[in-house]
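2 protein chains.
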Amino acid sequence: MRQEPVELPTTAYALLGLLTFGDDLTGYELKQRADNTLRFYWTSPAMSQVYSELTRLTGHGLVAARDDQSAPVRRSRRYRITPAGRQSLESWLRTESNEFPSLKHPVALRLLLGHLVDPARMRALLEKYLVALAVRRLELAAVRTSLGEDSDPAYDGYRYPRMVADWGLDYYESERAMVAALIDRLDG
Amino acid sequence: MRQEPVELPTTAYALLGLLTFGDDLTGYELKQRADNTLRFYWTSPAMSQVYSELTRLTGHGLVAARDDQSAPVRRSRRYRITPAGRQSLESWLRTESNEFPSLKHPVALRLLLGHLVDPARMRALLEKYLVALAVRRLELAAVRTSLGEDSDPAYDGYRYPRMVADWGLDYYESERAMVAALIDRLDG
DNA sequence: GGCCTCTATTCCTGTTAGGAACAGTACACT
DNA sequence: AGTGTACTGTTCCTAACAGGAATAGAGGCC
Chain A
1 MRQEPVELPT
11 TAYALLGLLT
21 FGDDLTGYEL
31 KQRADNTLRF
41 YWTSPAMSQV
51 YSELTRLTGH
61 GLVAARDDQS
71 APVRRSRRYR
81 ITPAGRQSLE
91 SWLRTESNEF
101 PSLKHPVALR
111 LLLGHLVDPA
121 RMRALLEKYL
131 VALAVRRLEL
141 AAVRTSLGED
151 SDPAYDGYRY
161 PRMVADWGLD
171 YYESERAMVA
181 ALIDRLDG
Chain B
189 MRQEPVELPT
199 TAYALLGLLT
209 FGDDLTGYEL
219 KQRADNTLRF
229 YWTSPAMSQV
239 YSELTRLTGH
249 GLVAARDDQS
259 APVRRSRRYR
269 ITPAGRQSLE
279 SWLRTESNEF
289 PSLKHPVALR
299 LLLGHLVDPA
309 RMRALLEKYL
319 VALAVRRLEL
329 AAVRTSLGED
339 SDPAYDGYRY
349 PRMVADWGLD
359 YYESERAMVA
369 ALIDRLDG
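Residue numbers (the working numbering), protein chains in the order written: chain A, 1 to 188; chain B, 189 to 376.
Spelled out as structure tokens, the structure:
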């Protein structure tokens, strides 16, 4: 009775991955972790999807649920990754992939259609985006801070999350610079 | 009988926008145009979605179809944006939006889980991404070339598409630099 | 006690992605 | 003249994904 590799969508592996940091989470907590980490590189799945993925992963034996005893009245399940789940995730990580990042950039889309509106409005749109970008950058900076530093052995498990967070921060900075240049170009 | 503003998904407006460059397209051609332009900033909609959006837009009177006479035997429809469609699109462009770009970055996701695999494999993943990035950049560069230059009055209608394409090229370049730095960091 | 926020889960609807299926056209090769 | 293959064009089906409403207990505040 051989274990079939079971193809899953990327989001399933992403959630599985969030369960490899040493703790068991409820669906609600898993969604929070996704909002804190995943959100910056992979759209954080909807609540409904977190729960349906957990159900599916449970069905495949990749995560296991236990009823939370600390809240006996309340129906609440806490999920942990199983050895089979870890194996499946590692095998997914080892497989070659040609996946390329996919972007939905509403600001770029609107700019593409700039010939249909007043230039002043286009400028305002970009200015507003700059503000949103700064906010987002601050949010990620807070996450980055919580991940510690390479020099601190206590945070050794977060080496890769740190790299990704730094990548994200650089991205936001370069995006800021590019948008600022676009505003100048609109004016000129 | 007042025209209701009819809320549509962003993809519908994106497709509508691709019909504002002065020509009528079949669903197939519209998909091609999306692959040439939209793809770099907004995931190019699936064939099936292009057709279903065209059906819906027709229902709302925002585009109009005519049977292609040049191919009488073949069932083939050619779509053009209607005045109502143009108005709806312009009104959408004028409305404030808080939409933020959403990214699905499989490479960042895999890097986040780097603690589960061999560092050499992680490095290989990033190298491979660098190559894919270079290919994509070349594709966009070809599109950019076809959009002409600001100094040439013949290409005046493409001013905004040019800005977006240049933005994209800068993005690919900065992404390349960031990934190269990540590879160094992995090695160090 | 009333109110509000947070935790926790489920359900429903609409949007989006992806590919298979189908069919006609154009052109090159043999 | 036939054959194959690539391209144009459209439709259908399924699964993935997003978003929000509904439900409900828990804890704190005033």
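All C-beta atoms, glycine included, are put in the ideal place defined by N, C-alpha and C.
What you are looking at is a predicted structure, and each value in this text was computed from that prediction instead of being measured.
- Task: Go through its chain and collect everything with a Cβ distance to R268/B's Cβ below 7 Å, but skip five positions before and after it.
- Result: L207, D212, V251 and A252
- Would V143/A pass as a contact of T37/A if the rule is Cβ separation under 9 Å? yes
- Mind checking if E315/B is an interface residue toward chain A, Cβ cutoff 9 Å exclusive? no
- When the cut-off is 9 Å and only beta carbons count, does T333/B lie next to chain A? no
- Task: Along the beta strand (DSSP E) that carries R268/B, what are the first and last residues, could you check?
- Result: R265 to I269
- Query: Taking the C-alpha atoms as reference points, what is the distance between S285/B and T82/A?
  - Reply: 43 Å
- Flag K222/A as yes if its beta-carbon sits less than 9 Å from any beta-carbon of chain B, otherwise no. Since the first residue of chain A shown is 1 and the last is 188, residue 222/A is not available in this structure.
- How would you label T11/A, buried or exposed, when you count the other beta carbons within 10 angstroms and need 16 or more for buried? buried
- Query: Along chain B, which residues have their Cβ under 9 Å away from the Cβ of D170/A?
  - Reply: S362, A365, M366 and A369
- Query: For P294/B, is the classification buried or exposed, using 16 other Cβ atoms within 10 angstroms of its Cβ as the cut-off for buried?
  - Reply: buried
- Listed by chain order, chain A residues near G205/B by CB distance under 8 Å: L109, L112, L113 and L116
- Whose C-alpha, out of A177/A, D150/A and R56/A, is nearest the C-alpha of A165/A? D150/A
- Message: Starting from V107/A, trace the alpha helix (DSSP H) in both directions and tell me its first and last residue.
- Response: P106 to L112
- Query: Which one or two residues does DSSP pair with D255/B in a beta bridge?
  - Reply: R265/B
- Message: Between which residues of its own chain and M47/A is the CB-CB distance below 6 Å, once the five residues before and five after are set aside?
- Response: K31
- Item | Contact set for S362/B: own chain, Cβ-Cβ below 6 Å, skip 5 residues either direction | none
- Message: Here's the rule: buried if 16 or more other CB atoms are within 10 angstroms of the residue's CB, otherwise exposed. What is A120/A?
- Response: exposed
- Task: Could you tell me the distance, in whole angstroms, from the CA atom of G188/A to the CA atom of A312/B?
- Result: 43 Å
- Exposed or buried, what is A180/A when buried is set at 16 or more other beta-carbons lying within 10 Å of its beta-carbon? exposed
- Tell me whether A202/B is buried or exposed, calling it buried when 16 or more other Cβ atoms sit within 10 Å of its Cβ. buried
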